[in-house]
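Below is one structure; the comments refer to it alone.
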Amino acid sequence: MNKWTSKKIYGLAISLVLVAVLLIVLVIGYYNRDSWRLEVLQTYIRGVINPVSSIPTAVQVATEENHTPIAVMPSATITPTRPAVTETPVVVQTALPTPTSTPIPERVLLSSPAYEKQDINNCGPATLAMYLRYYGWEGDQFTISDLIKPIPQDRNVNVEELDHYVRNYAGWLQTIYRVGGDIDLLKELIAAGIPVMIEESFKFDESYWPNDDKWAGHYFLVTGYDDQLKAFMGQDSYYGADRWVNYDDLKKQWQSFNYVYTIIFLPEQEETVKSILGEQWDRDANRQYALEKSRQETESDPNNVYTWFNLGTNLVYFSEYREATLAFDRAREIGWPQRMLRYQFSPFMAYFHSLRNEDLMVLVDYALERTPNSEEALLWKGWGKYRAGNKEEAISLFLQALEAHPGYEDANYAINYVNEN
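Quick note on my numbering: the sequence shown kicks off at 67 and runs consecutively.
Below, the structure written as structure tokens:
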């Protein structure tokens with residue numbers, strides 16, 4: 067082989083290496099920018115292979131015979147329970163709050179923070195970023211999501227996870243979240259100069275599988291109101307900045323998430339927030355109020371799936387698991403949205419602690435058909451397997467939950483618990 071031929075071969079080899087490197091860079095860049103397209107395609111194919119059906123109705127009816135003490139007590143940071151619950155909690159009738167004695171303005175528009183358009187599956191971090199910017203914070207949605215949902219395909223961020231971020235990474239601010247909110251409460255907080263973040267229903271513009279009901283959960287930052295328009299103004303990470311939503315529509319969309327609301331405020335505003343919330347500053351008192359509110363709504367609107375779902379969720383807080391399963395049974399008869407178990411997990415707790423393991427497994431399997439990487443569904447499927455005596459399968463599922471959400475505290479707890487028992 068002469069020197070000229072060797073140079074040609076060497077040059078060709080270098081060129082091929084450069085082309086390969088370029089292709090790798092392009093592929094990685096395409097994946098980073100457009101991996102959501104692949105995710106959408108996979109979701110649609112999964113919907114074709116496993117067609118979406120209605121939420122399964124109750125497999126078995128709770129009876130006194132199967133309501134026995136539970137030996138396994140998995141942690142439940144996703145749906146907090148009272149630190150100390152009596153064996154039979156007493157439900158006290160709680161009066162609905164009366165209007166504030168101090169009139170508030172008919173119109174208040176707070177300063178709009180710099181807008182943040184959400185990335186895919188990132189409405190929670192994007193909305194929280196806008197909330198924190200109201201107080202001068204300089205990060206963005208990825209500052210938050212890199213910590214609380216490091217895997218972009220994680221489709222849900224819970225209120226508790228957002229609360230955790232503020233407490234640990236925005237320490238100059240204070241934060242609380244409560245349930246059972248209403249229109250007047252939002253207006254009072256805004257009139258006091260405090261925006262409010264709520265979680266609500268959302269409808270996709272397009273279908274992601276055949277027969278998709280397009281329902282999803284979404285966060286919305288409320289930053290103003292106008293009584294003449296009967297509407298709130300807020301920051302919507304999907305639809306845009308300074309979006310107006312009328313009072314009735316917001317209330318309807320908010321109901322599906324138990325009227326949950328997050329308040330972030332400066333330390334010097336604490337007394338103001340306490341004054342506005344009154345007894346509901348206390349978590350247990352707030353949940354008691356929400357429980358009574360949901361009971362009243364089941365009576366006034368008995369065919370509304372969300373009234374029963376909220377009732378079940380509030381009963382779970384007080385460890386009234388058997389009664390909670392009956393509320394969830396009724397909600398299942400009415401039919402809740404296809405993605406409901408992507409966002410809310412109290413039914414898993416209720417059926418597990420009521421020894422209705424077959425119902426639990428039906429629901430977690432339904433949830434995983436829609437959201438295969440749901441760490442919460444994987445966790446509770448693991449607990450169901452453990453309850454059925456399948457220890458190895460349980461640990462495998464807990465590990466999958468950790469893979470879906472690295473550092474997932476409940477999965478680590480579950481692994482340690484099962485290994486030690």
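Even glycine gets a Cβ: it sits at the ideal position worked out from N, Cα and C.
Leucine 239 carries a coil assignment under DSSP once its states are collapsed to helix, strand and coil. Along the length of the region 243–269, whole beta strand (DSSP E) runs at least 3 residues long occupy 262–269, reported in chain order. Counting along the chain, no beta strand (DSSP E) covers histidine 419; the unbroken alpha helix (DSSP H) around it starts and ends at 412–419.
For tyrosine 483, the enclosing alpha helix (DSSP H) covers residues 475–486.
As the crow flies, the alpha-carbon of arginine 436 is around 8 Å from that of glutamine 404.
The C-beta distance from methionine 263 to threonine 338 rounds to 17 Å, too long to fall under 8 Å, and the pair is not in contact. Two segments are said to touch when three or more pairs of C-beta atoms, one from each, lie closer than 8 Å; by this definition the region 266–285 touches the region 322–329.
When DSSP states are grouped into helix, strand and coil, arginine 405 belongs to the coil group. Contact between valine 232 and isoleucine 342 fails: their C-beta atoms lie close to 19 Å from each other, not under 8 Å.
Remark: C-beta atoms of alanine 460 and valine 484 approach each other more closely than 8 Å. Pairing isoleucine 170 with glutamate 469, the inter-Cα distance amounts to about 49 Å. Beta-bridge pairing by DSSP links alanine 467 to no other residue. Note on tryptophan 275: 16 or more other CB atoms within 10 angstroms of its CB, so buried under the neighbour-count rule. For glycine 344, there is no enclosing alpha helix (DSSP H), since its DSSP letter is neither H nor E. Between the alpha carbons of tryptophan 449 and threonine 123 lies a gap of roughly 21 Å.
In the assembly as shown, alanine 180 is an exposed residue. Its beta-carbon has fewer than 16 other beta-carbons within 10 Å. Counting the other CB atoms within 10 Å of its CB gives tryptophan 203 a total of 16 or more, which places it among the buried residues. Excluding five sequence positions before and after valine 311, the CB atoms of its chain that fall closer than 7 Å to its own CB belong to Ala297, Phe298, Gly300, given in chain order. Taking 8 Å as the cut-off, the Cβ atoms of arginine 408 and serine 440 count as close. Beta-bridge partners assigned by DSSP to phenylalanine 331: Gln240. Assigned with DSSP and collapsed to three states, glycine 283 falls in strand. Taking lysine 215 as the centre and dropping the five residues before and after it, the same chain places the C-beta of Val223 closer than 6 Å to its C-beta, in chain order. Between arginine 349 and aspartate 431, the alpha-carbon positions lie close to 32 Å from each other. Less than 8 Å divides the Cβ of glutamine 207 from the Cβ of proline 191.
Rounded to whole angstroms, arginine 309 and serine 178 show a C-alpha spacing of 11 Å. The continuous alpha helix (DSSP H) containing phenylalanine 208 extends over residues 207–214. Apart from the 5 residues on each side of it in sequence, glutamine 346 sits with its Cβ closer than 7 Å to the Cβ of Arg244, Asn352, Tyr355 in its chain, given in chain order. The Cβ neighbour count for aspartate 425, taken over all protein chains shown within 10 Å, is at least 16; the residue is labelled buried. Isoleucine 256 is classed as buried because its beta carbon has at least 16 other beta carbons within 10 Å across all chains shown. For tyrosine 291, the secondary structure class from DSSP, reduced to helix, strand or coil, is strand. One alpha carbon belongs to serine 412, the other to aspartate 476, and they sit about 14 Å apart. Going by beta carbons, glycine 205 and tyrosine 327 fall outside the 8 Å limit. With contacts defined as CB atoms closer than 8 Å, asparagine 423 and alanine 454 qualify as a contacting pair.
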